[in-house]
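What follows is a set of notes on a single structure, which appears directly below.
This is the structure:
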């Protein structure tokens, strides 16, 4: 992203004077701060849709390399214990055949020599497609949809990995579950996010 960034979620913001985007000023998030690599656009939307709905897993290798190249040093400076992919519900995983966030996290982890813990979180409810919901509906639908899984005591600092940051409802649900399990430092990395206008 080329514009000023929100110091909390990492999305592009409209004002050079503001430190937080409007969304982060209104809501209180559980994660410490996040990175958003690309500004959401029609091209990025199409690329991510091809990954999720048309089996183009090979795109994730490119996006993993891009992530490691752009912010790898910053991620390593956080002394992370692991990358934690945002989980899919088992029904969606069965239909799709893979979790795009997990494959992305694995590629980044491979390049940065960071472990990946997909079992740290479980999606216990098959939520609606969030892209069709407004911010309040997203937050409501994600409540209690994510639960902590197997989290070793040594996991104190993690970075959540997902494809798109829209309102932060998914990252917040994951962060809350990790905090509940005692994880002290939680960051997020999302491929794309819509910048403020």
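Residue numbers (the working numbering): -9 to 187.
Glycine included, each C-beta is placed from N, C-alpha and C at the ideal position.
Requested in this report: At 4 residues or longer, and completely inside the segment 53 to 131: list those alpha helix (DSSP H) runs for me, N to C.
Outcome: 80 to 86, 90 to 102
Query raised in the report: Can you name the start and end residues of the alpha helix (DSSP H) that residue 15 belongs to?
Result: Sequence index remark: in the chain shown, residue 15 carries index 25 (1-based). Looking at the DSSP string, the run of the alpha helix (DSSP H) that includes residue 15 is 12 to 16.
Requested in this report: Mind reading off the beta-carbon distance from residue 166 to residue 150? Whole number of angstroms is fine, and I expect it under 8 Å.
Outcome: Locating residue 166 in the chain shown gives position 176, where the first residue counts as 1. Locating residue 150 in the chain shown gives position 160, where the first residue counts as 1. Not confirmed; about 11 Å, so no contact.
Query raised in the report: On the premise that residue 111 lies in contact with residue 62, defined as a C-beta separation below 8 Å, what is that separation, rounded to the nearest angstrom?
Result: The count along the chain shown starts at 1 and reaches residue 62 at position 72. The count along the chain shown starts at 1 and reaches residue 111 at position 121. Contact between residue 62 and residue 111 does not hold, since their C-beta atoms are separated by about 23 Å, which reaches or exceeds 8 Å.
Query raised in the report: Count the other CB atoms within 10 Å of the CB of residue 90; is the residue buried (16 or more) or exposed (fewer)?
Result: As a first step, residue 90 must be located in the chain shown, where it is residue number 100. Flag for residue 90 reads buried.
Report task. Indicate whether the contact test is met: 3 or more Cβ pairs, each with one atom in the segment 173 to 185 and one in the segment 22 to 35, closer than 8 Å. Result -> yes
**Report entry** CA-to-CA distance, residue 6 to residue 81, given in whole angstroms
**Finding:** Reading the chain shown from its first residue, position 91 is the one you call residue 81. Reading the chain shown from its first residue, position 16 is the one you call residue 6. Going by the C-alpha atoms only, they are around 43 Å apart.
Requested in this report: Drop a sphere of 10 angstroms on the beta-carbon of residue 77, count the other beta-carbons inside from all chains shown, and report buried for 16 or more, exposed for fewer.
Outcome: Here residue 77 is taken as the residue at index 87 of the chain shown, counted from 1. Result: buried.
Query raised in the report: With which residues is residue 173 paired in a DSSP beta bridge?
Result: Here residue 173 refers to the residue found at position 183 when the chain shown is read from its first residue. BP columns for residue 173 are empty, so no partner.
Query - DSSP three-state assignment for residue 9, whether helix, strand or coil - result: Locating residue 9 in the chain shown gives position 19, counting from the first residue. Residue state, collapsed to three classes: coil.
**Report entry** the ligand MG heavy atom lying under 6 Å from the CB of residue 187
**Finding:** No copy of the ligand MG appears in this structure; indeed no ligand is present at all.
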